[in-house]
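Trainee:
Number of protein chains: 2
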Amino acid sequence: MATIYDVAKIAGVSPKTVSRVLNGDAPVGEKTREAVEKAILELGYVPSNAARMMRSSRSGLIGLITGAISTTSDGNEPKGLPDLLIVQGIQSVMSATGMTLMIADTGGSSARVPELIRTFVEHRAEGLIYVADYHQRVELPPAPKGTPLVLANCYDDLGTPSVLPDDERGQHNLVARLIQAGHSRIGYLTLPKGMDATRLRLDGYKRALAEAGIAFDPELVSTGFMHDKLRNSAVLWDAIDRILSLPNPPTVLCCGNDEMAMRVYGILRTRGIRMPEDISVAGYDNYRVIAETLFPPLTTAELPYAAMGARAADWLLSLINDENHEQINPTLVSGPVNWRSSVTAIAPADGNTIRFPLSNGRNPQ
Amino acid sequence: MATIYDVAKIAGVSPKTVSRVLNGDAPVGEKTREAVEKAILELGYVPSNAARMMRSSRSGLIGLITGAISTTSDGNEPKGLPDLLIVQGIQSVMSATGMTLMIADTGGSSARVPELIRTFVEHRAEGLIYVADYHQRVELPPAPKGTPLVLANCYDDLGTPSVLPDDERGQHNLVARLIQAGHSRIGYLTLPKGMDATRLRLDGYKRALAEAGIAFDPELVSTGFMHDKLRNSAVLWDAIDRILSLPNPPTVLCCGNDEMAMRVYGILRTRGIRMPEDISVAGYDNYRVIAETLFPPLTTAELPYAAMGARAADWLLSLINDENHEQINPTLVSGPVNWRSSVTAIAPADGNTIRFPLSNGRNPQ
DNA sequence: CGATGTCATGACACCGATGTCATAATTAAT
DNA sequence: ATTAATTATGACATCGGTGTCATGACATCG
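Which chain is which? The protein sequence lines are A and B, in order. Under our numbering, the first sequence has 350 at position 350, and the numbering climbs by one with no breaks. Each number in our numbering corresponds to the 1-based position in the second sequence with 1000 added.
#1: For serine 1014 of chain B, which residues in the same chain have their Cβ closer than 8 angstroms to its Cβ, ignoring the five residues on either side in sequence?
#2: Per DSSP, what are the beta-bridge partners of glutamine 136 of chain A in this structure?
#3: Between which residues of its own chain and glutamate 302 of chain A is the CB-CB distance below 8 angstroms, once the five residues before and five after are set aside?
#4: Under the rule that 16 or more other beta-carbon atoms within 10 Å means buried, what is glycine 266 of chain A, buried or exposed?
#5: Pick helix, strand or coil for alanine 215 of chain A, following the three-state DSSP scheme.
#6: Do you know offhand how far leucine 332 of chain A's Cα is from leucine 164 of chain A's?
#7: Verify the CB distance criterion: does isoleucine 103 of chain A have a CB-CB separation below 8 angstroms to chain B?
#8: Beta carbon of threonine 1251 of chain B, beta carbon of serine 1280 of chain B: below 8 angstroms?
#9: With which residues is glutamate 302 of chain A paired in a DSSP beta bridge?
#10: Name the chain B residues whose beta carbon is nearer than 7 angstroms to that of arginine 263 of chain A?
#11: Output needed in chain order: residues of the stretch 1316–1329 of chain B with a Cβ under 9 angstroms from some Cβ in chain A.
#12: Quick check on the DSSP output: what are the complete beta strand (DSSP E) runs of length 3 or more inside the stretch 309–348 of chain A, in order along the chain?
#13: Exposed or buried, what is tyrosine 1005 of chain B when buried is set at 16 or more other beta-carbons lying within 10 Å of its beta-carbon?
#14: Please tell me whether leucine 1178 of chain B and serine 1162 of chain B are closer than 8 angstroms, where the distance is taken between their beta carbons.
#15: Leaving out five residues before and five after leucine 85 of chain A in sequence, what residues of the same chain have Cβ atoms less than 8 angstroms from its Cβ?
#16: Tell me the DSSP secondary structure of glycine 1067 of chain B in three-state form.
#17: Let me make sure I understand the geometry here. Which of B/Tyr1134, B/Ser1245, B/Pro1047 and B/Gln1091 has the alpha-carbon closest to that of threonine 1100 of chain B?
#18: Glycine 98 of chain A: which of A/Ile273, A/Thr106 and A/Glu126 sits nearest, CA to CA?
#19: Should proline 1141 of chain B go down as buried or exposed, given a rule of 16 or more other Cβ atoms within 10 Å for buried?
#20: Would you mind stating whether phenylalanine 225 of chain A and leucine 200 of chain A have Cβ atoms separated by less than 8 angstroms?
#21: Please list the partners that proline 1144 of chain B has in chain A, where partner means a Cβ-to-Cβ separation under 8 angstroms.
#22: Hey, would you say arginine 1340 of chain B sits closer than 8 angstroms to leucine 1298 of chain B, going by beta carbons?
#23: With a threshold of 6 angstroms on Cβ separation, who are the neighbours of alanine 35 of chain A within its own chain once the five nearest residues in sequence on each side are excluded?
#24: Of all the residues that make up the stretch 1277–1288 of chain B, which are near chain A by a beta-carbon distance shorter than 8 angstroms?
#25: Among B/Ala1181, B/Pro1218, B/Ser1056 and B/Pro1148, which has the Cα closest to the Cα of proline 1347 of chain B?
#26: Nearest-angstrom Cα distance between threonine 300 of chain A and methionine 1195 of chain B?
#27: In three-state terms, what does DSSP make of alanine 104 of chain A?
#28: Tell whether a beta-carbon distance below 8 angstroms holds between serine 318 of chain A and methionine 275 of chain A.
#29: What residues in its chain sit with their C-beta under 8 angstroms from that of valine 1175 of chain B, if we drop five residues either side in the sequence?
#30: When you check each C-beta in the stretch 116–135 of chain A against every C-beta of chain B, which residues fall closer than 9 angstroms?
#31: When the Cα of serine 1095 of chain B is compared with those of A/Ala96, A/Asp105 and A/Gly89, which residue comes out closest?
#32: Return no unless some Cβ of chain B is closer than 8 angstroms to the Cβ of glycine 75 of chain A.
#33: Please state if the CB of arginine 1137 of chain B and the CB of arginine 269 of chain A are separated by a distance shorter than 8 angstroms.
#34: If you run the structure through DSSP and keep just helix, strand and coil, what is proline 165 of chain A?
#35: Give every residue of the same chain whose Cβ lies closer than 6 angstroms to the Cβ of valine 221 of chain A, excluding the five residues on either side of it in the sequence, and list them in chain order.
#36: Counting only Cβ pairs nearer than 9 angstroms, list the residues of chain B close to methionine 226 of chain A.
Encoded structure:
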């Protein structure tokens, strides 16, 4: 690979002059510049970042670690991986500021994290981001001092800067919207117990009910997914069965996420229950491949992955540049409710007519 | 950040001796080693990859470019992005050999590719991989000589090393399996015209029929998806309508991919058609979130993304190390058929009984 | 016209590792 | 015991850029 000395020799100048042409940090004569530029093109010269870094000690690199450091590591099966959207959000911010992203995947084994961090430190990464695959608490090995770290989609007990989805608010907004559409008996099939998202979303559900003056009915809430995936079909079937056979069944079923909603579609249809005519269904995540493709398209709260990534990246950059933006920790990012035709507006219980049309989904034909 | 000189000073030895402790490339006295190791720990010293690279000219970096350089760039909407699995396949091979992956995303604009390549060259990446989001032809700017390039999930006209899914074979194997299960009237709802996958999979479908002595019936084949996504619902509805009202309708519908199969589920159920009792459905991709979650679980041909990534990484490494493994270009990677309960075995047309049970899906209850 | 300032350029040291070579201290071999 | 081989260590140059300082050629100004 050509060096700055090769260029200098061909252009008949000193290496320092070539450097000046490259960086524009001092005036260079017109003819000299042309000669240098010609030589650069001729050799296909590209400056070495490593050599540059030796002097400047700025690497322009950001290290990104992803992977499932879950307490319940469920093997090596890759899933839908929407957390890539977080990575994309980070990437778009970073590339706009000229930083280069190095990524490493733990492959599900948290034991590899220290090794990955070390690699990044060897490359003198200026900052690190850890991305979790779902909202969770993590314990990371101590980051090297001087290298800022931001957590995305996870948090720890040490007060490390952390960007999280606002699950409580997202679910609240969705349920509030359902209530606005005339629903008051709202079933909720939750994610597995113990997950942060489960608790927070249930809180949001309750708050929306409370704000509307609707009493919380525990009969309407049931666990839809368990940690043991093999049992999910049976658990969900049973939960739906129980909720639908209540004396006063719900008019809409909120699902813990879109994947669950997809299963609910299958189960309801198997029983001859039509959506949204007989019952409405809502999800969570706005996992677009599911939400937009299901028939009817699914109303769902958006998990703002890309925005979370961008927030985390912004935060990291401000830490690197030592800007003292006082940032609330954790930073909660909320997303919109995506209203699609899996939910219909119904006449409210008090007999009032519906004030506005809410369904905007397209039906075939 | 501490340097090797700091360590040397504290340990009371020369920098070179510290280097020897780090690399173990020459014997070091027991007591000296201990003193050096103590100093390293004390300072939290991590060697600088940049400085190392200056001498060795080996960066240990691999550049990975992803993004939709599609001729039909359909805007900025991120989808399910299963191509991350390719990245994971690459990552797992690379980390096993101690290489570090730098990734950059074009964000959908092919104009950014040269800029990204330049960044990688500045970092003296030892090899580049370009990953496309679906099987397609691409035109990349000429790679810098001396830096090998491998294409994953795409190919070009220049004979650049390329790893592709074996769509023809995958579809063939799936259809052959359906025939084995007693099906002989096999409908096929294709992906949009013009895509490589569409043509190849249709070829595989035809070959499987031919091998079984079943005449190809064009009436059973219809375009299920178009490039214009807004029309997909209508197109698919119509195609199903037409195929099912044939005098001799199919017993199974093959869908261009799993996403289409998910829509087909919805459409069939809306019409009161049960799966798999009334008709079987098969997909393509083994997009697990869909295939495993749909009810009933979907029989589908696997698009072996992770294997493709691993293959591409292996190939790149052999190019970097100048090993002359003669590699067929393009390298086709095939995946298994995932047999689930969306397809039932039926009595073959000739009245023979079914020779073995094929459904192994779990039903709730 | 001499003093001062700006422009254009080069010599040289330095960043932090490692390769090469030299050297001193042991140990093994003859 | 003397030579040869091995061990343990350091001095120094080098990789490819850039920061610092010096220098010569002009231009400007009082």
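All C-beta atoms in this analysis are idealised placements derived from N, C-alpha and C, irrespective of residue type, glycine included.
Mentor: With the given structure in hand:
#1: For the purposes of this step, residue 1014 of chain B is taken as the residue at position 14 of the second sequence. Here the set comprises Ala1008.
#2: For this step, residue 136 of chain A is matched to residue 136 along the first sequence. Answer is A/Cys154.
#3: Here residue 302 of chain A corresponds to residue number 302 of the first sequence, with the count starting at 1. The residues are Gly170, Asp285, Asn286, Gly335, Pro336, Val337 and Asn338.
#4: Mapped onto the first sequence, residue 266 of chain A falls at position 266. Label assigned to glycine 266 of chain A: buried.
#5: Here residue 215 of chain A corresponds to residue number 215 of the first sequence, with the count starting at 1. If DSSP states are grouped into helix, strand and coil, alanine 215 of chain A belongs with coil.
#6: The residue you call residue 332 of chain A lines up with position 332 of the first sequence. The residue you call residue 164 of chain A lines up with position 164 of the first sequence. So the alpha carbons of these two residues sit roughly 5 angstroms apart.
#7: If you number the first sequence from 1, residue 103 of chain A lands on position 103. So, interface residue.
#8: Taking the second sequence and counting its residues from 1, the one referred to as residue 1251 of chain B is at position 251. Taking the second sequence and counting its residues from 1, the one referred to as residue 1280 of chain B is at position 280. The answer is yes: Cβ separation under 8 angstroms.
#9: The residue you call residue 302 of chain A lines up with position 302 of the first sequence. Paired residue(s): A/Asp285.
#10: Stepping through the first sequence from its first residue, residue 263 of chain A is reached at position 263. Near arginine 263 of chain A (Cβ distances below 7 angstroms), the residues of chain B are Thr1293 and Phe1295.
#11: none
#12: 331–333
#13: Taking the first residue of the second sequence as position 1, residue 1005 of chain B is located at position 5. Per the 10 Å Cβ criterion, exposed.
#14: As a working mapping, residue 1178 of chain B is identified with position 178 in the second sequence. As a working mapping, residue 1162 of chain B is identified with position 162 in the second sequence. No, Cβ-Cβ distance for leucine 1178 of chain B and serine 1162 of chain B is not below 8 angstroms.
#15: Position 85 of the first sequence, counted from the start, is the residue given in the question as residue 85 of chain A. Only Tyr305, Ala306 and Gly309 meet the Cβ criterion.
#16: Along the second sequence, read from residue 1 onward, the residue named residue 1067 of chain B stands at position 67. DSSP places glycine 1067 of chain B in coil when its eight states are reduced to three.
#17: Counting from one through the second sequence, the residue named residue 1100 of chain B turns up at place 100. Measuring from the Cα of threonine 1100 of chain B, the nearest candidate turns out to be B/Gln1091.
#18: As a working mapping, residue 98 of chain A is identified with position 98 in the first sequence. Nearest of A/Ile273, A/Thr106 and A/Glu126 to glycine 98 of chain A, Cα basis: A/Glu126.
#19: Sequence index remark: in the second sequence, residue 1141 of chain B carries index 141 (1-based). It counts as exposed.
#20: What you label residue 225 of chain A is simply residue 225 of the first sequence in a count that begins at 1. What you label residue 200 of chain A is simply residue 200 of the first sequence in a count that begins at 1. Their beta carbons are not under 8 angstroms apart, which means phenylalanine 225 of chain A does not touch leucine 200 of chain A by this criterion.
#21: Position 144 of the second sequence, counting from 1, holds the residue named residue 1144 of chain B. Within 8 angstroms Cβ-Cβ: Gly44 and Val46.
#22: Position 340 of the second sequence holds residue 1340 of chain B. Position 298 of the second sequence holds residue 1298 of chain B. In this structure, leucine 1298 of chain B lies closer than 8 angstroms to arginine 1340 of chain B by Cβ.
#23: Along the first sequence, one-based indexing puts residue 35 of chain A at 35. Here the set comprises Ala11.
#24: Tyr1287 and Arg1288
#25: Indexing the second sequence from 1 puts residue 1347 of chain B at position 347. The question names proline, but residue 1347 of chain B in the sequence shown is alanine. Among B/Ala1181, B/Pro1218, B/Ser1056 and B/Pro1148, the Cα nearest to that of alanine 1347 of chain B is on B/Ala1181.
#26: For the purposes of this step, residue 300 of chain A is taken as residue 300 along the first sequence, with counting starting at 1. For the purposes of this step, residue 1195 of chain B is taken as residue 195 along the second sequence, with counting starting at 1. Whole-angstrom Cα-Cα distance: 31 angstroms.
#27: On the first sequence, residue 104 of chain A is found 104 positions in, with the first residue counted as 1. Looking at alanine 104 of chain A - three-state DSSP - the assignment turns out to be strand.
#28: Numbered from its first residue, the first sequence carries residue 318 of chain A at position 318. Numbered from its first residue, the first sequence carries residue 275 of chain A at position 275. No, these two residues do not count as a Cβ contact at 8 angstroms.
#29: Translated into positions along the second sequence, residue 1175 of chain B becomes position 175. Excluding positions up to five away in sequence, the list reads Ile1186, Gly1204, Tyr1205, Ala1208, Leu1209 and Cys1254.
#30: Leu116, Arg118, Thr119, Phe120, Val121, Glu122, His123 and Arg124
#31: The sequence position of residue 1095 of chain B within the second sequence is 95, counting from 1. The option with the nearest alpha carbon to serine 1095 of chain B is A/Asp105.
#32: On the first sequence, residue 75 of chain A is found 75 positions in, with the first residue counted as 1. Caution is warranted here: a pLDDT of 39 is assigned to glycine 75 of chain A, below 50, making its placement in the model unreliable, and the coordinate value is therefore given only provisionally. By this cut-off, glycine 75 of chain A is not an interface position.
#33: Reading the first sequence from its first residue, position 269 is the one you call residue 269 of chain A. Reading the second sequence from its first residue, position 137 is the one you call residue 1137 of chain B. Cβ distance not < 8 angstroms, so arginine 269 of chain A and arginine 1137 of chain B don't count as in contact.
#34: By one-based count along the first sequence, residue 165 of chain A stands at place 165. Note: proline 165 of chain A maps to strand in three-state DSSP.
#35: Reading the first sequence from its first residue, position 221 is the one you call residue 221 of chain A. Contacts found: Tyr188.
#36: Locating residue 226 of chain A in the first sequence gives position 226, where the first residue counts as 1. Neighbours of methionine 226 of chain A on chain B: none; closest Cβ ~14 angstroms, over 9 angstroms.
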